[in-house]
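Notes to accompany the following structure.
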Amino acid sequence: RWAPPHMASGGGDDAGEKRVTDRYLKREVLGEGTYGVVFKAIDTKTGETVAIKRIRLGKYKEGVNFTALREIKLLKELKDPNIIELIDAFPYKGNLHLVFEFMETDLEAVIRDRNIVLSPADIKSYIQMMLKGLAFCHKKWVLHRDMKPNNLLIGAEGQLKLGDFGLARIFGSPERNFTHQVFARWYRAPELLFGTKQYGSAVDVWAAGCIFAELLLRRPFLQGSSDIDQLGKIFAAFGTPKSSQWPDMVCLPDYVEYQFVSAPPLRSLFPMASDDALDLLSRMFTYDPKARITAQQALEHRYADVNVTDQKHEPFSVTSMPNETVLMFHVKVLLISTSSNKTKFAAKAKAERGPRE
């Protein structure tokens with residue numbers, strides 16, 4: 001059985017102090033939260049810049065922070081070019097320290113930076129890297145469960161990696177129940193919004209589809225203010241699902257019947273997307289999780305094929321984004337207006353929110 005670092009190695013705080021004082025030279029703080037802080041440091045052993053997440057531990061009699069320990073355990077097994085690397089983990093002065101490779105920024109900062117113009121090739125590259133990391137997780141029977149742009153980290157050379165595995169879980173047993181209160185609401189699959197506690201990798205794929213859409217639109221795609229409103233936004237975009245599309249829907253714990261709304265053409269929602277991109281999106285947004293495309297299948301889709309150039313449309317920026325109003329679920333009309341302004345490809349990604357782990 002896997003044990004916390006201080007139990008597994010027997011080093012305790014002495015070993016942790018030696019690491020902190022001898023190996024890692026702290027630099028500036030990158031961010032702070034309720035349970036800890038992330039700071040930049042130099043690994044004197046390698047000369048590389050790293051990010052150290054310092055997590056406050058509870059009293060041992062109440063158990064240590066098992067979310068952090070679970071993240072350590074999973075990342076030890078998830079070694080892939082598109083997954084953040086955990087370099088080291090150790091206790092020190094009542095805190096657990098996780099040492100990660102340093103990443104310059106995240107996808108949310110790239111999407112929101114109005115100085116950045118994303119070409120179709122840029123978007124495709126990000127989608128390919130995201131799907132590669134996700135497919136590897138699912139191959140190892142790991143659900144990420146917190147896919148969103150600020151958990152997709154980007155290095156100085158443009159490499160995208162999945163980060164923040166604090167909500168990740170092993171899946172595979174058909175009888176195992178999970179909480180449905182995972183993912184940020186805007187990236188939550190409809191089966192989760194209807195309260196299912198038995199789910200698999202399809203929930204990650206739906207969230208990846210939302211991220212794909214966000215890259216195309218340069219803003220979050222489905223911005224619900226509550227779970228009910230989120231379902232309304234989904235149904236306004238893709239139509240109210242019929243039982244023929246999703247047979248198990250009516251059996252879900254929190255299922256309620258919504259007034260039927262027909263789906264607008266997908267092209268009207270993403271006027272700048274290629275036909276291949278639209279086809280992949282439609283498969284990622286399939287209502288029935290059993291029929292939804294898998295991450296591996298998405299990688300094999302024509303859109304993600306490295307040998308196919310996605311060149312239907314010119315690069316575009318936030319200023320050329322289509323205007324779209326998705327109404328509340330009880331409103332039957334989806335109003336869409338588009339702008340045809342186009343811009344020249346200009347800039348590479350830069351951090352708007354500063355470096356991240």
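Taking full-length UniProt numbering, the leading residue of the sequence shown gets 1, the next gets one more, and so forth.
Where is the CB? At the ideal position from N, CA and C, for every residue including glycine.
Remember, it's a predicted structure, so these values are computed and weren't measured experimentally.
Cβ pair residue i, residue j closer than 8 Å
| i | j | result |
| --- | --- | --- |
| Met284 | Ala208 | yes |
| Trp186 | Cys210 | yes |
| Lys26 | Phe100 | no |
| Ile84 | Leu153 | yes |
| Tyr255 | Leu280 | no |
| Leu78 | Val142 | yes |
| Ile72 | Ala51 | no |
| Tyr258 | Thr286 | no |
| Arg56 | Tyr24 | no |
| His138 | Ala295 | yes |
| Leu74 | Ala168 | yes |
| Phe136 | Asp80 | yes |
Alpha carbon of residue i to alpha carbon of residue j, nearest angstrom
| i | j | result |
| --- | --- | --- |
| Gly133 | Asn82 | 5 Å |
| Ala202 | Ile293 | 8 Å |
| Gly31 | Val37 | 6 Å |
| Arg70 | Lys233 | 34 Å |
| Phe329 | Ala189 | At Phe329, the pLDDT of 30 sits below 50, so the modelled position is not reliable; the number obtained from the coordinates is stated separately. Approximately 16 Å between the Cα atoms of the pair. |
| Thr325 | Leu192 | Any answer about Thr325 is weak, because its pLDDT of 33 lies below 50 and its placement is not dependable; what the coordinates show is given next. Using only the alpha carbons, I get a separation of about 24 Å. |
| Asp204 | Phe260 | 26 Å |
| residue 384 | Arg176 | A question about residue 384 goes unanswered here, because the residues of the chain that appear run from 1 up to 357. |
| Lys312 | Gln230 | Note on Lys312: pLDDT 48, under 50, position unreliable in the model; no value is reported. |
| Leu131 | Glu300 | 10 Å |
| Ala237 | Pro265 | 9 Å |
| His144 | Asn150 | 14 Å |
| residue 359 | Phe194 | With the chain represented from 1 up to 357, any question about residue 359 goes unanswered, as that position is not in the structure. |
| Lys76 | Ser225 | 36 Å |
| Tyr199 | Ala263 | 25 Å |
| Phe270 | Asp43 | 44 Å |
| Lys197 | Phe178 | 5 Å |
| Ser268 | Lys124 | 20 Å |
| residue 428 | Pro289 | For residue 428 there is no data in the structure shown, the boundaries of the chain being 1 and 357. |
| Val29 | Asp146 | 24 Å |
| Phe165 | Phe39 | 18 Å |
| Phe316 | Val110 | Low local confidence applies: a pLDDT of 37 at Phe316 is under 50, so the model's placement there is unreliable, with the coordinate-based value given in what follows. Rounded to whole angstroms, Phe316 to Val110 spans 14 Å at the Cα level. |
| Leu212 | His97 | The sequence given here has Phe at residue 212, not Leu. If I take the Cα positions, the gap works out to 33 Å. |
| Asp22 | Leu86 | 19 Å |
| Lys242 | Ser282 | 16 Å |
| Leu217 | Phe102 | 28 Å |
| Ser244 | Phe235 | 15 Å |
| Gln128 | Gly163 | 16 Å |
| Ala156 | Thr49 | 12 Å |
| Arg112 | Thr46 | 33 Å |
| Leu118 | Tyr126 | 10 Å |
| Ala298 | Gln223 | 24 Å |
| Ala68 | Gly33 | 14 Å |
One or two residues paired with residue i in a DSSP bridge
| i | result |
| --- | --- |
| Met147 | Paired residues: none, contrary to the question. |
| Asn82 | None; Asn82 has no bridge partner. |
| Lys124 | DSSP output for Lys124 lists no bridge partner at all. |
| Ile87 | DSSP output for Ile87 lists no bridge partner at all. |
| Gly31 | Val38 |
| His97 | Arg54 and Phe90 |
| Thr44 | DSSP lists no partner for Thr44. |
| Val142 | Ile170 |
| Ile154 | Thr105 and Leu160 |
| Thr49 | Ile42 |
Review point. Touching or not, the region 250 to 260 and the region 272 to 282, by the rule of three or more beta carbon pairs under 8 Å?
Key: As far as the Cβ criterion goes, the region 250 to 260 does not touch the region 272 to 282, which means the pair count is below three.
Check your understanding: Any contact of the region 90 to 101 with the region 164 to 183, i.e. 3+ C-beta pairs under 8 Å?
Key -> The region 90 to 101 vs the region 164 to 183: no contact.
Point to revise | Start-end ranges of the alpha helix (DSSP H) lying completely within the region 222 to 270, minimum 4 residues | key: Listed in chain order, the complete alpha helix (DSSP H) runs (minimum 4 residues) inside the region 222 to 270 are 227 to 238 and 266 to 269.
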